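What follows is a single structure, written as C-alpha cells, with notes after it.
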Amino acid sequence: MHILGGVIKQVINLKHGIEDSTQASPAERQTEQLENLLKKAKDTAFGKFYNFEGILEAENMREEFSKRVPIHEYNEMHDSWWHQQLKYPDITWPGRPDYFARSSGTTGSEPKRIPVTNEMIDSIRSVGIAQLTSLANFDLPPEFFEKQILMLGSSTKLDEVDGHEEGEISGISASNIPGWFDTVYKPGKEIASIPDWDEKVRRIAEEAPNWDIGAASGIPSWLLLLFKEVLKVNNAKSIHEVWPDFKVYTTGGVAFEPYRDAFEELFDKEVIIMDTYLASEGFFAFNARPETHAMRLATQHGVYYEFVPFDKRGFDDEGNILDCPEVHTLDDVDTETNYAMIISTCSGTWRYMIGDTVKFENLEQNEIVISGRTKHFLNVVGSQLSEDKMNAAVKKVSTDCGCSIDEFTVAAVRDENGDYFHEWILGVENGENLDDEDTARRMDECLKEMNKNYAVARSKALKGVKVYGVPVERFYDWHEKSRKKGGQVKTKKLMSEDEFKEFRDFVLKYS
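Listed below in C-alpha cells is the structure:
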C-alpha cells in the first residue's frame, strides 16, 4: 500500500477543493495584485517618477495606471531603469535584486538581463504549488505522489557579478529549491550545477536506472535529446523500461505539438502532457485540467496583466506597437483576438511587453495558449505569417509526409533577381529524407488555406517557397557553434535574411 502517496493525494485534493470554493473574480484578484504592487514600489525611483501614490488614490486605479505609465520594451526598461539597479537600491523595486535572469534568447541574439527579486522567487514557487494542486483534476494514482521529479534546466552554478548572481531562470529557480524538495528532486544539485551540457546529459543517463522518476519538466527539444541518451546508455527501447511509472511531462518554452510524435515513439504507456508558461520574467500560466492543453493564468501570485490586440488596434504592419494602443484587462478580453501580453510584476517590471502573443481559449477558466511572438511575424511582403500558423503548417506537413520535423526556421530571402522567396530549413528526425520540392509545395498550399493574406502575397510579391530538409542534429550543432546549448535555449523560428543565409550555409555544408 502507498500510504504516504495516499496522504499526499488527499492533502492536494483538499487544498484544491478549498481554493476552488474561495476564488474571487478575475477582476478582483487582478485589482488586488496591482494595488499590492503599487504600494510596495511607491517609494522607489520608478514609483515616484510615475506617482504611484496618485494612482493608488485614483477612483479607477487600473485605468489611471494605464494612463500614467507607458508600455515598455526591454531596451527601454533596461536603459532607463534596470541598469541602475546594478549599483543603486530602490530603482524599480525596493532594495537591489539578488539575481538577474539571463534570458537564453534565440540563436544569434544577445541575452537580456531581467531582475529577479526574492518576491519573484516566492511567486514562481507559489505558482508551482498551484500547478501541483491542480493535479487533483488528473486522477493520478497514490503511488505517483511518492515518485521523483526530473527537472532539466540550465546550470544551477550561477555567476557572481557585482554583488548579485546571474544565470538562466531555470537555474536560479533550481538553486532556490527548498530543502524538503531535495528527496524527490532529480538530477540533484550536484549534477544540476554542471555547466557543460553534454557532461550533464551523460551523468543523468548513467544515473537514470537508480532513480524512480514519475514526472519530468524541460524544453521539448533538449528533453528529447536527454531521453534518447538515456535509452542509448541503458540499452532500452522505451523510457518506461527505465522509469516504469513515468506519467507526467510538464513542457514549456516552445510549442509542444511539433515534438509530440517524436516523444510518443519513446513511450510505452500514456503520458500526461502539461504545458507551462515560465519565462525569465515570471511563471505566468500552467495547464490545470485534462480536458484541454490551454493554460490557466496565475492571477494571484504577484503579476498584473494587460493585453494589447495584435492587430491594427495595437500594432503597425511591421509588428511595432502603436504609440497609443488599445489596452484590455483580464475582464474585457475575448476568445477571437491574439493579444500581446503586458506584465507588471514583483520584480519591478512595469507595463512590460514580454514579446509573446496569447489567445484566450476559455474566459471562465482564464485559460490561454501562446500563439506566437510579436517579433516572430513574417510580413516582409505582406504575408502576415504568425508563429502559430508556422507551427500548424509544419505539423500538417510532418503528418502528410510521414516524418517527424522537430525544428524549423524560416526567412524571406531575395534571389539574384531581387525576388522574394520564403525559405524554410526543417530539422528532420532519425535522418529521414524529405523530398524538398514536394514539401515546399505542401507547405505553400497549407499556408494558402490557413492564411488569406499569405495567399494574396503569393499572387504578388512572394514568388515562391523553398525547403531544405536536414537532420535535426544540425540545429543542435549550430547551437553548440554559437555556444548556446541545452537549458532554455530555443531556435529562432524567424530569422533575418543575413542570419538565415549564415545558418543555411552551415547546415547544408554538413548535411
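Heads up, the sequence shown is in my numbering, so the first residue is 379 and it goes up one at a time.
The beta carbon of each residue, even a glycine, is placed where N, CA and C say it ideally should be.
Just so you know, these numbers come straight off a predicted model, no measurement behind them.
>> Assuming Ala479 is part of the beta strand (DSSP E), what are its boundary residues?
In response: Element bounds for Ala479: 477-481.
> Using the C-alpha atoms, what's the distance from Met873 back to Thr787?
Replying inline: 7 Å
> Can the beta-carbon of Glu807 be found less than 7 Å from the beta-carbon of Asp784?
Replying inline: yes
>> Let me make sure I understand the geometry here. Which of Ile591, Thr735, Phe605 has the alpha-carbon closest to that of Glu643?
In response: Here the closest residue by C-alpha is Phe605.
>> According to DSSP, simplified to helix, strand and coil, what is Ala663?
In response: Three-state DSSP puts Ala663 in a strand.
>> Taking a contact to mean a Cβ-Cβ separation below 7 Å, would you say Arg729 touches His450 in this structure?
In response: yes
> According to the Cβ coordinates, are Pro370 and Trp460 closer than 7 Å?
Replying inline: Since the displayed the chain opens at 379 and closes at 889, residue 370 lies outside it and no answer follows.
>> Which residue wins for smallest C-alpha separation from Asp468, given the options Phe424, His456, Asp457?
In response: Phe424
>> With DSSP as the reference, identify every bridge partner of Ile732, one or two as the case may be.
In response: According to DSSP, Ile732 bridges with nothing at all.
> Helix, strand or coil: how does DSSP classify Leu601 here?
Replying inline: Reduced to three states, the DSSP call for Leu601 is helix.
> So Ser444 is in the alpha helix (DSSP H); what residue range does that whole segment cover?
Replying inline: First-last of the alpha helix (DSSP H) with Ser444: 439-446.
> Pro565 by DSSP, collapsed to three states: which one?
Replying inline: Residue state, collapsed to three classes: coil.
>> Using the three-state DSSP reduction, which class does Ile527 fall into: helix, strand or coil?
In response: strand
> According to DSSP, which residues form a beta bridge with Ile721?
Replying inline: Tyr683, Tyr730
> Taking C-alpha atoms, which residue in Tyr466, Lys426, Glu413, Leu464 lies nearest to Glu441?
Replying inline: Glu413
> Contact check, Ser533 vs Gly549 under 8 Å by CB: the rounded distance?
Replying inline: 5 Å
> Apart from the five residues just before and just after Asn612, which ones in its own chain have a Cβ nearer than 8 Å to its Cβ?
Replying inline: Ala583, Ala586, Pro587, Glu619, Val620
>> Helix, strand or coil for Trp802? Go by DSSP, reduced to three states.
In response: strand
> Which residues does DSSP pair with Gly630 in a beta bridge?
Replying inline: Thr654
>> Beta-carbon within less than 8 Å of Gly545's beta-carbon, same chain only, minus the 5 sequence neighbours each way: which residues are those?
In response: Tyr477, Ala479, Arg480, Ser532, Ser533, Thr534, Lys535, Leu536, Asp537, Ser553
> When the Cα of Glu577 is compared with those of Asp689, Lys774, Val608, which residue comes out closest?
Replying inline: Residue Val608 is the option with its Cα nearest to Glu577.
> Which value, in whole angstroms, describes the spacing of the CA atoms of Gly483 and Met731?
Replying inline: Reliability fails at Gly483, whose pLDDT of 48 lies under 50, so the model's placement of it is uncertain and the value that follows must be treated cautiously. About 15 Å.
> According to DSSP, is Pro622 helix, strand or coil?
Replying inline: coil
> For the putative contact between Leu756 and Ala718, defined by C-beta atoms under 8 Å, what is the C-beta separation to the nearest angstrom?
Replying inline: With 8 Å as the limit, Leu756 and Ala718 do not qualify as a contact, their Cβ atoms being about 17 Å apart.
> Excluding sequence positions up to five away, which residues of its chain have a Cβ less than 8 Å from the Cβ of Arg581?
Replying inline: Pro565, Ile569, Ile572
> Among Leu464, Ala770, Glu875, Val843, which one has its Cα closest to the Cα of Val539?
Replying inline: The shortest Cα separation from Val539 among Leu464, Ala770, Glu875, Val843 belongs to Leu464.
>> Please list the terminal residues of the continuous alpha helix (DSSP H) segment that includes Asp701.
In response: Neither: Asp701 is in no alpha helix (DSSP H) and is coded neither H nor E.
> Smallest Cα separation from Val681: which of Lys625, Leu416, Thr752?
Replying inline: Leu416
> Can you name, in chain order, every residue of its own chain whose Cβ lies under 6 Å from the Cβ of Lys490, other than the five neighbours on each side?
Replying inline: Tyr452, Ser481
>> So Ser444 and Glu684 are supposed to be a Cβ contact under 8 Å. How far apart are they, rounded?
In response: 7 Å
> Rounded to whole angstroms, how far is the Cβ of Val843 from the Cβ of Ala818, which I believe are closer than 8 Å?
Replying inline: 5 Å
> Quick one: is Tyr637 buried, meaning 16 or more other Cβ sit within 10 Å of its Cβ, or exposed?
Replying inline: buried
> With 16 as the cutoff for other CB atoms within 10 Å, does Ala402 come out buried or exposed?
Replying inline: exposed
> Between Ile507 and Val562, which are expected to be in contact by the criterion C-beta below 8 Å, what is the C-beta distance as a whole number of angstroms?
Replying inline: About 14 Å separates the two Cβ atoms, so there is no contact after all.
> So, helix, strand or coil for Leu518, using DSSP?
Replying inline: coil
>> Suppose contacts are defined by Cβ-Cβ distances below 7 Å. Is Asp653 in contact with His671 by that definition?
In response: In contact: Asp653 and His671 (Cβ atoms closer than 7 Å).
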